[in-house]
Each structure stands twice: as C-alpha cells, then as structure tokens.
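Numbers 76 to 198, taken from the working numbering, label the letters of the sequence shown in order. So the structure is just underneath, and the comments pick up after that.
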Amino acid sequence: MNNLSFNYMFKKSLVLVLTIAFCLLLQSSFITIAQADSLVLSGEKVFEVHCAGCHVNGGNIIRRGKNLKMKALHKYGYDSVDAIADIVTNGKNNMSAFGDKLSEQEIKNVAQYVLQQAENNWK
Ligand code: HEC
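Here is the structure:
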C-alpha cells in the first residue's frame, strides 16, 4: 500500500466512524426524549386532560370570578408556581385535589403552564 492510498483509506474510515458515532448519539437522545414524554406529562397536556373541563381558556365554569387570569391570580394569591401547585395538590371547595392523580413534577409543570398562560392573557 502506498502512502496515498493509505491516506485515502484512513480518511474513509474516519468518516465512517464519525457517522456511526453521530447516529448513536442521535438515537440515544431520541430515546431520552421519548422516555421523558411517556413518564411525565407536560404542563399543557396536564391542563388539557385535568383542568380544561372547568378552566377552559383560563376561565372557571363553576366560580366565574376565581379564574386563571392574572388579575384573579393576583387577587386571590395564586400568582406563583408554589401557590398554584398547592391548590392543585390539595384542592379547594369545589375544586378537587390532584395530589394522588398527578406526580409532583406534573403539578409543577401545570402550575408553570398556568402562570405562563396568564402572563400571555390565555392567547
Ligand atoms: C371540577 C372543576 C375543576 C377542575 C377540574 C379544576 N379546577 Fe381549579 N378551580 C375550580 C374551582 C371551583 C375553583 C375556585 C376554588 C375556590 O376558591 O373556592 C378553582 C380555583 C383554581 C385556582 C385559583 C384561581 C383563583 O383565581 O382563585 C387555580 C390556580 C386552579 N383552580 C387551577 C387548576 C388547575 C391547574 C387544574 C388542573 C390540574 C384545576 N384547577 C382543575 C374548579 C376546578
């Protein structure tokens, strides 16, 4: 083998190795995303499934004033992730508790989602 063809072969195999490494990396990150998705619901998904029945578009079909718009959240002290997580976990009056239906992470996700939506005025 002369020097030139060795050089060529070396480059070829380097490209091959790098391609394989890249594919493996890509695959493992897809698996991580898929797993995260199936284990913990996003805030938006939790809201759709568990909250929208009463709070569609940030409203409240049972007690209209106690909605999820920024003004009401301020007024009743639910303008923080912790406070929203607390009412979701423990419930209040006609709102049932979700502490045993949702994981802590899902409750945190939905609380963040509610705050973020309130900041955008539920658009
Ligand atoms: C069965 C209907 C119902 C469902 C489902 C429901 N809520 Fe509520 N929610 C209420 C009612 C009624 C209140 C008012 C409670 C009170 O203060 O008397 C309320 C109050 C709230 C408040 C306080 C709002 C304010 O202005 O005082 C937040 C935040 C909230 N809910 C978030 C959620 C989230 C997040 C979910 C889903 C995990 C959810 N709720 C599911 C009925 C519901």
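Beta carbons: idealized from backbone N, C-alpha and C, even for Gly.
Distance from the Cα of N184 is smallest, within the candidate group N142, L114, G128, for L114.
Contact annotation: E181 and V131 have beta-carbon atoms that are not nearer than 9 Å. The beta carbons of N168 and R138 sit closer together than 9 Å. When DSSP reads this structure, K141 sits in no beta bridge, so it has no partner.
In this structure, the C-beta of V163 approaches ligand 1 to less than 8 Å from one of its heavy atoms. In the DSSP assignment, the residues bridged to K167 are M170.
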